Structure formats: structure tokens, C-alpha cells
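Colleague: For the sequence shown, counting from 1, position 60 maps to 60 in full-length UniProt numbering; every step adds exactly one. In this text, a Cβ means the ideal position worked out from N, Cα and C, and glycines have one as well. If you're wondering where the values come from, they're calculated on a predicted model, not measured in any experiment.
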Amino acid sequence: MTAPDRVFPAGEVAPLALATVLGGLGHELGHAADLLRRYERAVLARESVPDERPRGARELQLVDLVIQILDDLGPLAARLADEVPPGTAIPGAVLDQLRLDQLRTLLGGPTRREAPHSGGHIDVF
């Protein structure tokens, strides 16, 4: 028979498996790099780039630099997840400051949605 799961009082968050957090972090860093690549392709695909001065090209190179950083950090986080000793946990409160409930859930934390999800609909004002 297995022991019952520990019940945490209101306001206290269960510990999180560090490997789960790191694995989710690696996945999300890779996803962010993919989103930036899509943005970069969209900017480059425009017929007329609004800022054709050298400064505009440098700014676009900064997007590429961010992509490279994310491409390095994603696999690093995944590798760290593989190297963490089994059972290593961290306080669940480390995820409290995350604004995106989807990200918090992916990293192993509780979802605390206070408003309904928009379903991806974007309102244009």
C-alpha cells in the first residue's frame, strides 16, 4: 500500500521535482526560439523593411543572437534535468511569480487561473 499524498494547507505549495522543472524549462526555451525564428522570417519576408539603415540590420541581428542563446539554453536545461539525482525537489513557491498559467503547469506547478482563457483569440483595438 502506498502512503497517501501529503495535503498542503492553503497558501503552501507542494515541492516540485527539479528534473520536471528543468525539462519543462528546456522545452519552453526551445519553443521560444522557434517563435522568434517565425518572427524573424516574417520580418525578412516583408517587401519593404521599414528601417533599411544599418541600424535596422543590427537590430535584426540581435533577434538572431537571442535565438542562438535560447538554442543553447534549451538543451542545457534538458541535460541538467537528466543529470539531477532522482527525487531532488525544490520549493513549489519558486514558480509563484510566473504570469502564464500554461507555463507554470508545464513546469509542474499548480494552475491558478483567475479569468477564463481566451482560447487564443486576439482582440484588435
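#1: Between the Cα of TYR39 and those of GLY24, ASP64, ALA17, spot the shortest distance and give me the residue it belongs to.
#2: Determine the direct distance from the alpha carbon of THR20 to that of GLY87, and round the result to whole angstroms.
#3: So who's on the other strand from LEU16, going by DSSP bridges?
#4: Could you pull out every residue in the same chain whose Cβ sits closer than 6 Å to the Cβ of ILE90, ignoring the five residues on either side in sequence?
#5: Please return the same chain residues whose Cβ sits closer than 7 Å to the Cβ of residue 205, not counting the five positions on each side in sequence.
#6: Just to confirm, is the Cβ distance from LEU29 to LEU70 under 8 Å?
Modeller: Here's the rundown:
#1: ASP64
#2: 10 Å
#3: ILE90
#4: LEU16, LEU18
#5: Residue 205 lies beyond the stretch modelled for the chain, which goes from 1 to 125, so this question has no answer here.
#6: yes
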